[in-house]
Amino acid sequence: DAGVIQSPRHEVTEMGQEVTLRCKPISGHDYLFWYRQTMMRGLELLIYFNNNVPIDDSGMPEDRFSAKMPNASFSTLKIQPSEPRDSAVYFCASGIINEKLFFGSGTQLSVL
Amino acid sequence: QKEVEQNSGPLSVPEGAIASLNCTYSDRGSQSFFWYRQYSGKSPELIMFIYSNGDKEDGRFTAQLNKASQYVSLLIRDSQPSDSATYLCAVKAGGFKTIFGAGTRLFVKA
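So, in structure tokens, the structure goes:
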């Protein structure tokens with residue numbers, strides 16, 4: 074199995090632009106998580122899905138952030154419009170209930 | 320109050336010593352507890368999990384859980400320079416919601 078696949082690995086954009094981050098979970102995993110990591114705030118849970126349905130989005134910072142999971146093999150996290158304070162590493166992780174999380178390699182986002 | 324708290328460190332220990340990492344959590348209903356290791360520039364990877372009060376050993380690693388005190392710890396025996404990383408404590412609350420602490424940076428000096 075290729076593991077959790079995220080794209081792009083690096084994204085540099087200008088303030089106000091739309092950013093879309095992509096994730097392909099491990100086949101058979103029915104949970105998918107989006108996390109954001111910064112030095113100041115650590116690894117923050119943004120949203121997680123179970124069987125493609127959003128279960129808890131209380132960590133999504135504001136309306137500029139949205140996440141979708143149209144099918145079991147694909148999820149997106151969108152930021153529109155982006156701001157410099159959104160600069161962080163965004164991780165996607167997938168798992169099966171009561172088991173560990175498998176993380177993707179992350180997307181390093183820089184908003185100038 | 321943060322849901323999962325860790326001392327950010329850095330924690331510095333000499334090679335061969337025992338490294339002790341600590342974590343407290345606020346949700347008394349939490350059921351599962353995990354320790355992830357994250358090398359600089361890499362993604363977190365699981366090294367230990369524990370569900371019941373007491374100790375759980377796996378090689379050089381021992382996880383300890385005390386639900387009454389809402390406290391989890393990780394001991395690394397015979398620390399090696401390759402253990403130098405950030406250690407993240409994670410707690411599974413309701414459903415499969417997994418919350419991470421900010422992590423403790425560990426340096427093992429050769």
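Top to bottom, those sequences are chains A and B.
Residue numbering for the first sequence is 74 to 185, as defined by this note's numbering.
Residue numbering for the second sequence is 320 to 429, as defined by this note's numbering.
In this text, a Cβ means the ideal position worked out from N, Cα and C, and glycines have one as well.
Here the structure is a predicted model, which means the values were calculated and not measured.
When DSSP reads this structure, residue 182(A) sits in a beta bridge with 84(A) and 161(A). Restricting attention to 341(B), 336(B) and 371(B), the CA atom closest to the CA of residue 351(B) is found in 371(B). Judged by DSSP in its simplified three-state form, residue 371(B) adopts coil rather than helix or strand. Chain B has a Cβ within less than 8 Å of the Cβ of residue 123(A).
Those residues of the segment 414 to 426 of chain B placed with their C-beta closer than 9 Å to a C-beta in chain A are 414, 415, 416, 417, 418, 419, 420, 421 and 422, ordered along the chain.
For residue 151(A), the enclosing beta strand (DSSP E) has its first and last residue at 147 to 152. Taking a Cβ-Cβ threshold of 7 Å, the residues of chain B close to residue 179(A) are 362, in chain order. Judged by DSSP in its simplified three-state form, residue 401(B) adopts helix. The beta carbon of residue 380(B) does not come within 8 Å of any beta carbon belonging to chain A, so the residue lies off that interface. When the alpha-carbon of residue 424(B) is set against those of 86(A), 112(A), 93(A) and 81(A), the nearest one is in 112(A).
When the alpha-carbon of residue 138(A) is set against those of 114(A), 93(A) and 88(A), the nearest one is in 93(A). Put simply, the CB of residue 105(A) is far from chain B, with every gap to its CB atoms at 8 Å or more. A residue is called buried when at least 16 other Cβ atoms come within 10 angstroms of its Cβ; residue 131(A) does not meet this threshold and is exposed. With distances taken between CA atoms, residue 386(B) lies nearest to 348(B) out of 348(B), 338(B) and 323(B).
For chain A, the residues of the segment 382 to 408 of chain B that bring a beta carbon within less than 9 Å of one of its beta carbons are 407, in chain order.
A buried status is given to residue 148(A), since no fewer than 16 other beta-carbon atoms sit within 10 Å of its beta-carbon. Taking a Cβ-Cβ cut-off of 8 Å, the neighbours of residue 365(B) in chain A comprise 173 and 174, given in sequence order.
Leaving aside the five residues that flank residue 392(B) on each side, the residues in its chain whose CB is nearer than 6 Å to its CB run, in chain order, 341 and 383.
Bounds of the beta strand (DSSP E) holding residue 332(B) are 330 to 333. When Cβ-Cβ separations below 8 Å define contact, residue 128(A) makes contact with chain B.
Taking the Cα positions, residue 362(B) is about 8 Å away from residue 164(A).
With respect to residue 409(B), residue 355(B) sits close: the two C-beta atoms are nearer than 8 Å.
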